[in-house]
Each structure stands twice: as structure tokens, then as C-alpha cells.
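Notes to accompany the following structure.
Numbering (mature numbering (1 follows the signal peptide of the UniProt record, and there is no 0)), first residue to last: -24 to -1, 1 to 673.
What follows is the structure, given as C-alpha cells:
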């Protein structure tokens, strides 16, 4: 393992470069989402059946398959089951390698029991045993998702880490490309409370070291990590397993309530920030594969409309039930510590967590554009840098390999827009670490095409005063629109959960961020320009959709949002011009079916339901073509003009973010970025959409 600079030096702020988080995504596999609900199998080999030296598949350093591989980095056992599933299950069933890293031991108070009634003796605390029970629950859940047998046999081994300690690595014998890595650091044992000896305290300098809490039966040794050592450890795991896609929790969740409080567990947040820092090192390492990143909502998804219909939520719950060890008399794992997390057993649905999955980045559907000359451009984030694919115009035009533009550390989720003169502009956000913990902040950045076809260096547009710094880091992916006078405006949901905008003046300068109102906005706003040259902006709340409509080209947007009266949606929107209005697409809450409405001003038309289109995530649309995810997570298109619209899916493609679509002459083109770092595309070519095809790397 190569030597690294200390974190203080390695993460120095670079104003001219992009530093921070990265792109992300969701893995997809064929078959119904109900495959999550695989049956329990009695009499199988215990998950913790035996220990060994590091298996050859681990010690030799796995080679990345052409189809890509995934790494998940979580704070606690169950974060993946509650907040990343069904994506975790899709990865496991796809046959691709996956490595899940648990940063803390998840020991809590050490009591593996549901809450006891008042006056009932409290069970004895045993943090080591409770940690092992949670490990057993995860092993059972993963084995069930991967093979249908919760009792699959695992090999447990000690793995030296790049940070100087040892971790436990568990390998599923039936699928040796599935690994669970347990770092076993102490958890905070409090959601928001100030516990200096915690991941937050280690990140912020309240403590210089964080000790371990070893699970009983673990082959790893106790250790103590500094901040630098933990970052080095996570980066070393990335270099060992060479993921092409990394999942973490949201490093910058929003605030809610009065007084405003962060609505997620501190361990979720700071495990994600340590992962951010490690991803920066991984991006700088030699010979790493192209990779993307996806970040996930945690506790803050509980108060939002459900993204899943009941069958999908029930399937997700079934896996949690395996982890929760619903029947404590069934000692299928043959462990004195227990076969799962009994604290979860009274409520395996969590606080509405099994009813949804939400991404805190990569929700834009404007990353695919048609240039003035008729060529196509696609933009994404690979290796924390902007990746640009170009396809020459005409039926014989071919897609280029991705060009990675200068400037690293870009957050996942970029949007783009065509300017009045035909050039393209791209907008995103970046996270800057700085020299100390209080220098951590985020800002909006942009790049534009030059006259020669290249792109300018990144330019910072800063952030609204309520976003990006001073403990309020949450803000959306920016959305941009050009009105009929050629005026370019960028819109952003700020940390105050209101809409903000900035306008580029004729001399190229940008106005200060201006508040535009709205209340309790969620997710990413979307902007589009209608056939009359007026800009419309839309944003979701937990209860409805808010909108802003330009009265005429060149006029300012209203300083307040209009309530559309629409029912709640799953909080993901996409929009495109539709004659003199704008058509907005969203998914129906508790269903996932795609619906749309048209706005000529601030009043929506009657709702159009696109049929049996259950799924999750935003959809890309152009003309009659719609591209999105099915309920199983598969990449799919709707057949244009079909009498009974239904998804035509390709479950073999695992992709990140949301698909995008544009009109290309008389045809429509859709694209998606795979978890293998490749661009996939399809076109209608005068009829039904062709099969999805990869672009050469």
C-alpha cells in the first residue's frame, strides 16, 4: 500500500479544483422486486460457521469484472437494509461483486432486547455480544438476498488495514465475491447528542483517537484510530476491492422543525464524510477504475411520501425481519450472542423506512443535451470529475469515449442547459474540505463550452447564505433555464428548504443569490422553458408541488411560490417544454406509477397516468419516449404510442442516477450511466426504442 499525505495536508482547499463528494447510483438486476422476499431455509450452516486466515480472494486483491463492482460504506449494521435497499438486494442478485463496510460496531447500549415494560428487569448489557448478534443478522440477510438461504455459510477472517489496525472480513462461501468488512469503531450511542468519543468528535477534533468495540467471536484485534488513519483505512479498502460504484449515507442532510435540527443520525453523517475524504484519496490513486458515488437519505425519509407500493415495501420488510431475528427461539445461526437485532423486532418497518428509498444526489435528468450542430452531449461524474461523452450528428455519428475534464472532487448530480448562442453549460456542486474541520463547505460551480468546443475552468457561484457552510451544508443539485431573451438563471433549493436563484448578467457576472420563497421544499427543483420563452420552475414538498412561472420572457420570477393543488408525489420531478406550456412528470406516492400534468401558467391540467409504470426515481422524457426504473430497479423505456403502455426493461444493466432523454431530429434519444462507468443509450429511430447499447470506453 502506497504512503499517503496526512489528512490535514491531503485535503487542503483548492479553489481552482473541485473537492468533495461524488456521483452515485442504484444497482439494477432482472426479475421482480418481490425477489427480495426470498424464503427462509431451516437447518443450514450457521452464518458465522468458521474463521480462517484472509481468503485468497481477499488477500490477492480482487480484479474488477467488466460489469463493475460495488462498495457500500455505512455507520451501522442495518443502514443498508433500511436506507439502501432495494439497491443492495439488486446488487447481490445481479452476480456482481459487492463489499459492504460497517464503520462502527453498532453496540448501542449492549442490550439485545426490545424495550421492556416498566417494572420488568432490564436484560444485562453485553456490547460485544450485541455487536456479534447484529453481525449475525446482517450475514443472514445478505445470504438470503444473494442465495435464498439465510443460513449460508461464511468465512470470517482478520484483515490488516492500511490505517494500521485490523478489520474483520466475512466472505459468503457460496458467493466469494460478497464481502462484509467490520471496522468495529465505537458508535456515538446518541442520535444528535454531543458525544466527543464518536465519529463526529473524531472528525471535528473533539477527540484525537477513537477506540474499537470488538464483537464477540471476531478474529480482528482491538485498535485505536486517528482521523487520518480512518481515512487511510477506508481508502485502502477501496484500493483493495476496486469499486466502480460507492454508496454512502448523505454527508450533508437537511434541517427541519423548530428549532432547526439535522434530521439524521450523526454516525450516518460522519461515516459519509469520512467516506468522502477517502474517495478523494481513491480518485488520486494509481490505476483505479472509473467510479461513481450515490448518497442516500436516512431518517429524514420517514416523514416524506412513500416511494413504494405495498408489495415492494413488504419485500423490503421481509429482509429486515431476517436481520431482526423475529423468533428468538430459532437459533439458526448457532450463536450464543443471538442471530439478529432484537431491538428492531417490534417494528421491522422502522419509522416508515421500508416504504421508500431516496437519493440525496444524482436526481437530474437534464444531463443529456442536443447541441446547435445537432450533435449530442452527455455529462456525468466519474472519479469526482466531470465526464463528457459526445456523439456526432447524423445517423452515422458515433459516441466518443468519456473525456474527464480538469477539476476533481465534484459532487454527484450535474445538470446542463443550452445557451442562447448554442453553446452548452454544465452546473453542479462541490465539497471543499479545507485545512481544518470548520473549513468544510459546499458551493455551486459551472463550466461552459468555448467557441472551439472545449470547456472553461470551473467557476464558483458560491451558495445562498443559508447553505453550504456554518453547519448548514444541505443544498440541491442546481437546475438552469434560458428564457426567450437569452437570460440564464440557475435555481437551487437551499439549506433553508426554500428556492434561490442567480442570474448571469450580459457582462458574464452573476447576481447574488436571491430568495424566491417556497416552504419545506424537498429534493431537486426542476426548470424548463416553454414555447413562448417563459421559464417555469417546480419543486416538491411533502404535501404537494410548488411552482414559479415567468409572466413573460425577461421578467423576473415571482418572489413567492404558487401552490399547484397537486397531491403528494415521491418528491422527484422532471420537466420539458410542451407547446406553449411545460409538462411535468412525477411518480404517484404509495404506487410509483408515472403521471404527468401540463402547466400553461401556475395551474396544472388534468392528470395523465402513464399506465402500469410502477418504479422509483425520476424519469427522462422526450417526445413520446419515457425512460426510468421499474419496481425491480431495471432500466426501462415505455413503448411510444402503445395502446397499453408498459415498461420494456433491460435488467442486465446496472445504472446510476436517473436516465435522461432529448429530442434528436424526428427521433428521441435516452441515455443512462452504468455502474461500470459506461454510457448506455437507446433511440426510437422512427419506431419503438431500440435495445440499450453501451458506448465504448
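The beta carbon of each residue, even a glycine, is placed where N, CA and C say it ideally should be.
What's the gap between the Cα of residue i and the Cα of residue j?
| i | j | result |
| --- | --- | --- |
| residue 484 | residue 463 | 11 Å |
| residue 14 | residue 124 | With a pLDDT of 26 at residue 14, under the threshold of 50, the modelled position of this residue cannot be trusted, and the question is left open. |
| residue 411 | residue 209 | 20 Å |
| residue 389 | residue 362 | 10 Å |
| residue 101 | residue 57 | 25 Å |
| residue 237 | residue 543 | 27 Å |
| residue 399 | residue 549 | 25 Å |
| residue 588 | residue 567 | 10 Å |
| residue 118 | residue 109 | 14 Å |
| residue 668 | residue 528 | 40 Å |
| residue 704 | residue 386 | Outside the shown range of the chain (-24 to 673) lies residue 704, about which nothing can therefore be said. |
| residue 269 | residue 107 | 28 Å |
| residue 404 | residue 324 | 37 Å |
| residue 441 | residue 551 | 28 Å |
| residue 12 | residue 69 | Because residue 12 sits at a pLDDT of 26, beneath the cut-off of 50, its placement in the model cannot be relied upon, and the point is left open. |
| residue 517 | residue 547 | 7 Å |
| residue 311 | residue 172 | 33 Å |
| residue 574 | residue 105 | 57 Å |
| residue 63 | residue 332 | 11 Å |
| residue 627 | residue 275 | 29 Å |
| residue 480 | residue 277 | 34 Å |
| residue 94 | residue 322 | 16 Å |
| residue 267 | residue 305 | 44 Å |
| residue 160 | residue 466 | 43 Å |
| residue 620 | residue 569 | 14 Å |
| residue 384 | residue 535 | 35 Å |
| residue 674 | residue 143 | Nothing in the structure corresponds to residue 674, since the chain is present only between -24 and 673. |
| residue 187 | residue 198 | 8 Å |
Starting from the Cα of residue i, find the closest Cα among the options and give me that residue.
| i | options | result |
| --- | --- | --- |
| residue 190 | 157, 213, 62, 184 | 157 |
| residue 449 | 152, 239, 663, 607 | 239 |
| residue 657 | 641, 612, 623 | 612 |
| residue 644 | 629, 598, 168 | 598 |
| residue 271 | 453, 496, 660 | 453 |
| residue 393 | 422, 577, 261, 86 | 422 |
| residue 659 | 534, 367, 426 | 367 |
| residue 215 | 254, 249, 425, 292 | 254 |
| residue 630 | 404, 248, 221 | 221 |
| residue 701 | 652, 466, 202 | This structure leaves residue 701 out entirely; the chain is present only between -24 and 673. |
| residue 154 | 98, 48, 143 | 48 |
| residue 679 | 298, 313, 81, 436 | Given that the chain is displayed from residue -24 to residue 673, the structure contains no residue 679 and the question cannot be resolved. |
| residue 334 | 592, 602, 71 | 592 |
| residue 162 | 457, 150, 207, 177 | 177 |
| residue 103 | 582, 317, 474 | 317 |
| residue 131 | 151, 303, 632, 81 | 151 |
| residue 655 | 634, 664, 661 | 634 |
| residue 140 | 207, 61, 636, 52 | 207 |
| residue 513 | 520, 456, 625, 148 | 456 |
| residue 416 | 296, 585, 227, 244 | 227 |
Counting C-beta neighbours from all protein chains within 10 Å, is the total for residue i 16 or more, i.e. buried, or is it exposed?
| i | result |
| --- | --- |
| residue 675 | In the structure as shown, the chain begins at -24 and stops at 673. Residue 675 is therefore absent and cannot be evaluated. |
| residue 537 | buried |
| residue 126 | buried |
| residue 532 | exposed |
| residue 497 | buried |
| residue 414 | exposed |
| residue 427 | exposed |
| residue 379 | exposed |
| residue 349 | exposed |
| residue 146 | buried |
| residue 224 | buried |
Notebook entry, point to check: Is the segment 128 to 138 touching the segment 72 to 87, taking contact as three or more C-beta pairs under 8 Å?
Noted result: no
Check: So does the segment 370 to 385 actually touch the segment 347 to 361, counting three or more Cβ pairs closer than 8 Å?
Finding: yes
Next item on the list: Please determine if the segment 489 to 506 and the segment 553 to 560 are in contact, where contact requires at least 3 C-beta pairs separated by less than 8 Å.
Entry: yes
Check: In chain order, which continuous runs of the beta strand (DSSP E) of length 3 or greater are located wholly inside the segment 452 to 491?
Finding: 455 to 458, 464 to 469, 475 to 479
Note to self: Give the list of continuous beta strand (DSSP E) stretches no shorter than 3 residues that lie fully inside the segment 640 to 664.
What the structure shows: 643 to 650, 655 to 659
Margin query: Pairs of beta-carbons, one from the segment 589 to 604 and one from the segment 636 to 654, closer than 8 Å: are there three or more?
Written below: yes
Note to self: Using 8 Å as the cut-off, can you tell me whether the segment 492 to 501 makes contact with the segment 514 to 529, which would need three or more C-beta pairs spanning the two stretches below that distance?
What the structure shows: yes
Item checked: Ordered list of beta strand (DSSP E) runs contained in the segment 391 to 418, each at least 3 residues -> 391 to 394, 400 to 408
Next item on the list: Flag this pair as touching only if the segment 283 to 292 and the segment 86 to 104 have three or more C-beta atom pairs under 8 Å; answer yes or no.
Entry: no
Note to self: So within the segment 278 to 306, which uninterrupted alpha helix (DSSP H) runs reach at least 4 residues, ignoring any that extend past its ends?
What the structure shows: 286 to 300
Checklist line | 3-residue-minimum beta strand (DSSP E) runs that sit fully inside the segment 569 to 615, ordered along the chain | finding: 570 to 575, 596 to 598, 601 to 605, 611 to 614
Check: If you scan the segment 49 to 117 from start to end, which runs of the alpha helix (DSSP H) of 4 or more residues do you find wholly inside it?
Finding: 63 to 70
Checklist line | Inside the segment 112 to 146 only - beta strand (DSSP E) runs reaching at least 3 residues | finding: 130 to 136
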